[in-house]
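There are 2 protein chains.
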Amino acid sequence: MASHRSPPASLPPLPRLPFSGEGPQDISPAARRRVFVEALAPRVDGGRYPVKRVVGDRVSASCDLVRDGQDAVAGALLVRRPAAREWLRQPLQSVAGERYEASFLVDEIGQWQFAILAWIDPFETWRAGTRKKIDAGQDVELDLAAGALLLKAYASRADAAGADTLRSAAARLEDGSLVAADRWASAASPPILAAVAECPDLRDATQSEPVVIVVDPVRARFSSWYEMFPRSAGAPGRHGTLRDVAARLPYVASLGFDVLYLPPIHPIGRTARKGPNNAPNAGPDDVGSPWAIGGPEGGHKSVHPRLGTIDDLQALVRKARELGIEVALDIALQASPDHPYVTQHPEWFLHRPDGTIQYAENPPKRYEDVYPFDFYGAGWESLWEELHGIFVFWCEKGVRVFRVDNPHTKPLAFWEWCIARVKAAYPDALFLAEAFTRPKLMYALAKLGFTQSYTYFTWRQSKRELTDYVTTLARPPLSDFYRPNFWPNTPDILPTHLEFGNRAAFVQRLVLAATLSSNYGIYGPAFELMDRAAREGAEEYADNEKYQIRSWDLQRQDSLGDLITLVNRVRRENPALQDNLVTFHPTDDDALLAFSKRSADGAHVVLVVVNLDSHHRHAGHVALDLAALGVGPDEAFQAHDLLSDERHRFQGPQAYVELDPEFLPASVFAVRRHLRTEQDFDYYS
Amino acid sequence: MASHRSPPASLPPLPRLPFSGEGPQDISPAARRRVFVEALAPRVDGGRYPVKRVVGDRVSASCDLVRDGQDAVAGALLVRRPAAREWLRQPLQSVAGERYEASFLVDEIGQWQFAILAWIDPFETWRAGTRKKIDAGQDVELDLAAGALLLKAYASRADAAGADTLRSAAARLEDGSLVAADRWASAASPPILAAVAECPDLRDATQSEPVVIVVDPVRARFSSWYEMFPRSAGAPGRHGTLRDVAARLPYVASLGFDVLYLPPIHPIGRTARKGPNNAPNAGPDDVGSPWAIGGPEGGHKSVHPRLGTIDDLQALVRKARELGIEVALDIALQASPDHPYVTQHPEWFLHRPDGTIQYAENPPKRYEDVYPFDFYGAGWESLWEELHGIFVFWCEKGVRVFRVDNPHTKPLAFWEWCIARVKAAYPDALFLAEAFTRPKLMYALAKLGFTQSYTYFTWRQSKRELTDYVTTLARPPLSDFYRPNFWPNTPDILPTHLEFGNRAAFVQRLVLAATLSSNYGIYGPAFELMDRAAREGAEEYADNEKYQIRSWDLQRQDSLGDLITLVNRVRRENPALQDNLVTFHPTDDDALLAFSKRSADGAHVVLVVVNLDSHHRHAGHVALDLAALGVGPDEAFQAHDLLSDERHRFQGPQAYVELDPEFLPASVFAVRRHLRTEQDFDYYS
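Line order of the protein sequences matches chains H and U.
Residue numbers for the first sequence follow my numbering, beginning at -19 and rising by one.
Residue numbers for the second sequence follow my numbering, beginning at -19 and rising by one.
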């Protein structure tokens, strides 16, 4: 071993392990637990992080119950509801081999827990063994006597009625005037079994570690986001306001979105303010970047005076909710040099040797209009409390959805603490992590609490890329904690395939985002108006709204608005598109991507085919995975294209499809057959 | 949720979880740990059970170090040797993405531990950032000053020499008379980096849970077992003795075995003794089953008087060891009705309602010559101590290898406690679990401490069955804790393919066992003399030695002895066969099974081809996985058949093979090329 050194004294001692080979070991009372609970599922990282579900989901919990020998084993699923002190109990069912399962409905938002309890069942062991002896014609007098003793032991743990039942059963077992088989049968009858099941001896039962399930609103899994800059919502030439945004709500609702996401609405700093197109020096009328938060007018708990007031925001939130829309605020935990925090709490920032405050940098790049917080500086605990307070402040104002800017540049432990604490008070709060960074860091943020996450979809284009990426996201372990939100564009990203794309390219990316992922969003009106003007050499919009006000003609004839309205309606009306139970189907043309999705109960199936080539018509065959469609091998079914309203009759595993980007580069077929049940499907087959 | 009930009061309370959604949470000091250690490997069940290795292995430990942002991360592997109090430390190396790795040699038998320590490295962060600023021509005066402060902080943690080095470096950074780039370079020079590396600030370092590695003797991974009944070792018509076994040692050594395993050598009960062929009533001269342990002469700590004395056993152990052979005792934790325990410790047995002791049964089958122990009865703790004492007793007599009979009918927790305790005193003790039961139970026994395990190999015959089974066993997670021991036959099992098989069938099963698994064994002389006489309707030997003495003619012309000698020599001389790093190679004939194995250092490779049809010659092509052979795409290499001594020249991915069972149904080729290194191989490719 190279360069070994003892760790310095400052190292905390490692915990001592059992059986560390350093001496004789006493017998632990835990050694009386004969059943081992293994491979408990679902879990994230062996139980270190919560599993995520939405309200209304049925959670299937399963585990191996491993024990020596042949004695009967019994198990229970313990469930604790969000505010409950009590654990509810239901029996585990044997699935196969030593696998056991039980499921429960999470019908309330909040933090649930489940655990497994397992024990040896002496009565079932006795019942089965004695039955075999009777069948083999063996003498069972002693066995019946042993059964009577056993029932009396159960009776001692039972309530009064149960004890009566059990003692009578014991007496029958001991009644030598009856035939052995009858004595056995009466003691093993359903009422006796029920009474026995009520009072197992759990002293030596094994209890698993509890698993936490964070149950979110349905919106956590199924949401359609529309991002817009409030200051661009006004009449041309005027700084938009939150009231203008309120006036825009019917438009957003008509497009079918249910989350309206606004970039930061706070006062914007003056110092080192950026001009249009990220120019280093702003003119006196330049509005600056909303992410340079804080000025004399206030900081993260204030509304930019030109946008309006907190009352305006609350009115917007209320009006939006009437239209089925949640307003999402953008929380960027950083300060402009003019933020009140800078003077009130200099200890929250990193100071350079000359006493100035350290601005953000990613050498050699500098962001002099932004001061990062020093999350581990002298004032770290009060800083964390204050930052947590920002979320609470807006929750108190009615906001429940937060898009968090660059969470990956803030400590992971901060998010674990902050999000859990916010959700303890506001369990329906939803956090979208805007992190485009190393995959493991993106996953860690999701494990630590973020409800939804941005993804790499924005850059995934080919059939192979999309298939691989979506397959990975849709399966455990990721599907248990990472909820993807697919965006074809954002104010930060105008991808090349849109910059140089035609109308079909926009439609294709819209349909892919909206059908491959149950959560998706667009940055508008840039998207529906197909803004393609890019800054030279950058994957970014020219005249970016991040730095200036833009005026958009929403009534333009070529707007994608009608198609977006249709796509969002199809999503709302088809439960299969509201989850990510996806199966890819092979095609004989690499430009044709085919996949199906189904609802958790199997009642709804949608088959999507997208022509990934936005310039040429493609036709070919899809090799249908009929099991994934819930369709029999020779069964005819109707495929109703919900985009074109055309109806096809398909039968067997070969389906011919033809997609012309001039018309529409995608089909979203509702698969219509007889009523389906969950058992008809191979999940992710 | 169906039939919910609160658990009875006897249920221990579940532990409270952090962030249980029940109220505001304080900030934990642990929140200062910025680096998250994830996906630590190797581990078994997330660290619940030890990882197994043998002495001389190099253990590669790896993990993800996930942290926010872009700051540099550093990590160390901490290793604790078996008897040490101190943890040794060595740096982790970046592998790819956020994966880090370090390896260490386990050069001592016993229980090792390793853990990961990880932290943010402010000096490396400073060094890299400042370099980029210098390269971009930016002013770095403040950065150099910040670097000087940082070095002074390191100096405060350093020893005297280190502090001098670091303070001088700080002074150079502050020396305004020098050019910035030179000041940077001198502060980032190798001696300074070395001094910095000696005194990181570990106050906020993250420490993983420690992982236990049980390091066994090499024999745990590579062993060749020979099972024989001592009482059959005498001259015909005479009860064999341990001295007869000692006289048999040269024969066993000449066959090339290194473990000699004896069925129980203890006094045998008289009550309900079984006669030949498991007859219910033994005659006065019948010897009984050695597994019906205990009589007036003693129990588990005694030697059967007709076999000899404890001194004879000790002499046998000594003489065997001189020949490179370990004697393995069979420990069966059960008693005959005549065992001294029955009268001395009735509380160790289960009593029936009439006061008699419960014999073993698996309804409707009864085993009236055997009393099982009551592992959780009134006297359970003293029973466990006594049973543990049996292993210690024989360890004190020099025995180090135990074949444990039916461990799966004794509590898992007993084995975890017992084996760990024995190994705390005798770290080189080796336990083979004779469990043919549910796979998860077999795996649990291995996780809980058994060194080696019997397997389903005995019944696996087809190419598909063998490929699937061996592949599963050879890879993590199983390969980290489950060490297979392949047996073509045992006294309990004469499989049909041997019962109805010819000589080639025996050869085939021998070669498969000896090459597919680094641990294997045969029950002899039944195997080498190809005993095929089965009890009618049972997969079991007629005139089974379990119930009677047999006499064997070891000199028979048709004995497989010479071939066994050759196979064991090939195993000893080829390190590739002493581990289970296996790759299967496709063949165009389902009767041809082809696989290669390599040594951990990649220096040795063996290619095995077996004709699974013992009646017909098969010829065909093997599609060689050249990477697994460590051979270049167009490189010619020699394949030297160590069984037939024929040499072939192979080149490219197609190899023609031809195997005639009349001659030999298998080839074991040594692959000979230029010197190979570990990097030439795709593991398990």
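Ideal Cβ placement from N, Cα and C applies to all residues, glycine included.
Checklist entry - With distances taken from CA atoms, which of Val39(H), Val384(H), Gln50(H), Glu365(H) is nearest Gln5(U)? => result Within the second sequence, residue 5(U) is the residue found at index 25, counting from 1. Looking at the Cα atoms, Glu365(H) is the closest of the given residues.
Next on the checklist: My output table needs one value for Leu428(H): the three-state DSSP class, helix, strand or coil.
Outcome noted: Here the question's residue 428(H) lines up with position 448 in the first sequence. It is coil, neither helix nor strand.
Item to check | Pairwise C-alpha distance: Gly278(H) and Phe411(H) | outcome: Taking the first residue of the first sequence as position 1, residue 411(H) is located at position 431. Taking the first residue of the first sequence as position 1, residue 278(H) is located at position 298. Straight-line Cα distance between these residues: approximately 24 Å.
Checklist entry - What's the gap between the Cα of Leu58(U) and the Cα of Val195(U)? => result Here residue 58(U) refers to the residue found at position 78 of the second sequence. Here residue 195(U) refers to the residue found at position 215 of the second sequence. Whole-angstrom Cα-Cα distance: 17 Å.
Checklist entry - Grouping DSSP H, G and I as helix and E and B as strand, with all else coil, what is Thr447(H)? => result Counting from one through the first sequence, the residue named residue 447(H) turns up at place 467. If DSSP states are grouped into helix, strand and coil, Thr447(H) belongs with the helices.
Next on the checklist: Determine, for Asp48(H), whether the minimum Cβ-Cβ distance to residues of chain U falls below 9 Å.
Outcome noted: Taking the first sequence and counting its residues from 1, one reaches residue 48(H) at position 68. With 9 Å as the cut-off, Asp48(H) counts as an interface residue toward chain U.
Next on the checklist: Any beta carbon from chain U within less than 9 Å of Glu2(H)'s own beta carbon?
Outcome noted: By 1-based counting over the first sequence, the position of residue 2(H) is 22. Because Glu2(H) sits at a pLDDT of 47, beneath the cut-off of 50, its placement in the model cannot be relied upon, and the following sentence gives the value as read from the coordinates. Answer yes: the Cβ-Cβ gap between Glu2(H) and chain U drops below 9 Å somewhere.
Item to check | Selected residue, minimal CA-CA separation from Tyr172(H), among Gln187(H), Ala143(H), Pro247(H) | outcome: In the first sequence, counting from the first residue as 1, residue 172(H) sits at position 192. According to the sequence provided, residue 172(H) is Ile. The question's Tyr does not apply to it. Minimum Cα distance to Ile172(H) is reached at Ala143(H).
Next on the checklist: Threshold first: 4 residues or longer. Then list the alpha helix (DSSP H) segments lying entirely within the stretch 332 to 401 of chain U, N to C.
Outcome noted: 360 to 376
Item to check | Three-state class that DSSP yields for Trp92(U) in the structure shown | outcome: Position 112 of the second sequence, counted from the start, is the residue given in the question as residue 92(U). Three-state result, Trp92(U): strand.
Checklist entry - Tell me which same chain residues have a C-beta within less than 7 Å of the C-beta of Leu534(U), skipping the five on either side of it? => result Here residue 534(U) corresponds to residue number 554 of the second sequence, with the count starting at 1. Tyr231, Pro505.
Item to check | Chain-ordered neighbours of Asn342(H) on chain U, where CB pairs are closer than 8 Å | outcome: Numbered from its first residue, the first sequence carries residue 342(H) at position 362. Result: Gln50.
Next on the checklist: So with CB distances below 7 Å, who are the chain U contacts of Ile7(H)?
Outcome noted: Position 27 of the first sequence, counted from the first residue, corresponds to residue 7(H). Correct list: Glu361, Trp364, Trp397.
Item to check | Spatially closest choice to Asp48(H) from Phe84(U), Pro391(U), Asn482(U), by CA coordinates | outcome: For the purposes of this step, residue 48(H) is taken as the residue at position 68 of the first sequence. Ranking Phe84(U), Pro391(U), Asn482(U) by Cα distance to Asp48(H) puts Pro391(U) first.
Next on the checklist: If you follow the beta strand (DSSP E) that Asp621(H) is in, where does it begin and where does it stop?
Outcome noted: Position 641 of the first sequence, counting from 1, holds the residue named residue 621(H). Start and end: 616 to 621.
Item to check | CB-CB length for Gln634(U) against Ala616(U), believed under 8 Å | outcome: Locating residue 634(U) in the second sequence gives position 654, counting from the first residue. Locating residue 616(U) in the second sequence gives position 636, counting from the first residue. No, Gln634(U) and Ala616(U) are not in contact; Cβ-Cβ is about 13 Å, not under 8 Å.
Next on the checklist: Using beta carbons (cut-off 9 Å, strictly below), is Asp334(U) in contact with chain H?
Outcome noted: As a working mapping, residue 334(U) is identified with position 354 in the second sequence. At least one chain H Cβ lies under 9 Å of Asp334(U).
Checklist entry - Three or more beta-carbon pairs under 8 Å between the stretch 221 to 230 of chain H and the stretch 545 to 553 of chain H, yes or no? => result no
Next on the checklist: Please report the distance separating the alpha-carbon of Ala185(U) from that of Ala177(H).
Outcome noted: The count along the second sequence starts at 1 and reaches residue 185(U) at position 205. The count along the first sequence starts at 1 and reaches residue 177(H) at position 197. Roughly 50 Å between the two C-alpha positions.
Item to check | Contact list for the stretch 309 to 329 of chain U against chain H, Cβ threshold 9 Å | outcome: none
Item to check | Span separating the alpha-carbon of Thr470(H) from that of Phe416(H) | outcome: Residue 470(H) sits at position 490 when you count from the first residue of the first sequence. Residue 416(H) sits at position 436 when you count from the first residue of the first sequence. Those two C-alpha atoms are separated by around 12 Å.
Item to check | Candidates Ala167(U), Leu309(U), Arg61(U), Ala56(U), of which the one nearest Ala108(U) by Cα | outcome: Looking up residue 108(U) in the second sequence gives position 128. The candidate whose alpha carbon is nearest that of Ala108(U) is Ala167(U).
Item to check | Contact the stretch 378 to 390 of chain H vs the stretch 307 to 316 of chain H: 3+ CB pairs below 8 Å | outcome: yes
Next on the checklist: Is the beta carbon of Pro190(H) closer than 9 Å to that of Trp99(H)?
Outcome noted: As a first step, residue 99(H) must be located in the first sequence, where it is residue number 119. As a first step, residue 190(H) must be located in the first sequence, where it is residue number 210. Going by C-beta atoms, Trp99(H) is not nearer than 9 Å to Pro190(H).
Next on the checklist: Just to make sure I have the definition right: I need the residues of chain U whose C-beta is within less than 9 Å of the C-beta of Arg418(H). Which are they?
Outcome noted: Residue mapping note: residue 418(H) aligns to position 438 of the first sequence, counting from 1. Those are Val46, Gly77, Glu78, listed as they occur along chain U.
Next on the checklist: Which residue marks the beginning of the alpha helix (DSSP H) containing Trp106(U), and which one marks its end?
Outcome noted: By one-based count along the second sequence, residue 106(U) stands at place 126. Residues 102 to 115.
Checklist entry - For Gln535(U), does the three-state DSSP call read helix, strand or coil? => result By 1-based counting over the second sequence, the position of residue 535(U) is 555. DSSP places Gln535(U) in coil when its eight states are reduced to three.
Checklist entry - Any chance the stretch 145 to 157 of chain H sits against the stretch 115 to 127 of chain H, with 3 or more Cβ pairs inside 8 Å? => result yes
Next on the checklist: I'd like to know whether the C-beta atoms of Val46(H) and Ala424(U) end up nearer to each other than 9 Å.
Outcome noted: Position 66 of the first sequence holds residue 46(H). Position 444 of the second sequence holds residue 424(U). In this structure, Ala424(U) lies closer than 9 Å to Val46(H) by Cβ.
Checklist entry - Does any residue of chain U bring its CB to less than 9 Å from the CB of Phe382(H)? => result As a first step, residue 382(H) is located in the first sequence; it is residue number 402 there, counting from the start. It does not; no Cβ of chain U falls within 9 Å.
Checklist entry - In whole angstroms, what is the alpha-carbon distance linking Val588(H) and Leu492(H)? => result For the purposes of this step, residue 588(H) is taken as the residue at position 608 of the first sequence. For the purposes of this step, residue 492(H) is taken as the residue at position 512 of the first sequence. Distance between the alpha carbons of Val588(H) and Leu492(H): 9 Å.
Next on the checklist: Quick check on this structure: which residue in Ala646(U), His595(U), Asp569(U), Ser594(U) has the alpha carbon closest to the alpha carbon of Val586(U)?
Outcome noted: For the purposes of this step, residue 586(U) is taken as the residue at position 606 of the second sequence. The option with the nearest alpha carbon to Val586(U) is Ala646(U).
Checklist entry - Mapping DSSP to helix, strand and coil, what is Leu561(H)? => result As a working mapping, residue 561(H) is identified with position 581 in the first sequence. In this structure, Leu561(H) counts as coil in the three-state DSSP scheme.
Next on the checklist: So within the stretch 469 to 500 of chain U, which uninterrupted alpha helix (DSSP H) runs reach at least 4 residues, ignoring any that extend past its ends?
Outcome noted: 476 to 479, 483 to 496
Next on the checklist: Looking at the secondary structure, which residues open and close the beta strand (DSSP E) in which Arg629(U) lies?
Outcome noted: Position 649 of the second sequence, counted from the start, is the residue given in the question as residue 629(U). Taken as a continuous stretch (DSSP letters only), the beta strand (DSSP E) holding Arg629(U) covers 627 to 631.
Item to check | Whole-number beta carbon distance between Leu303(U) and Leu222(U), since they are thought to touch under 8 Å | outcome: Residue 222(U) sits at position 242 when you count from the first residue of the second sequence. Residue 303(U) sits at position 323 when you count from the first residue of the second sequence. No, Leu222(U) and Leu303(U) are not in contact; Cβ-Cβ is about 15 Å, not under 8 Å.
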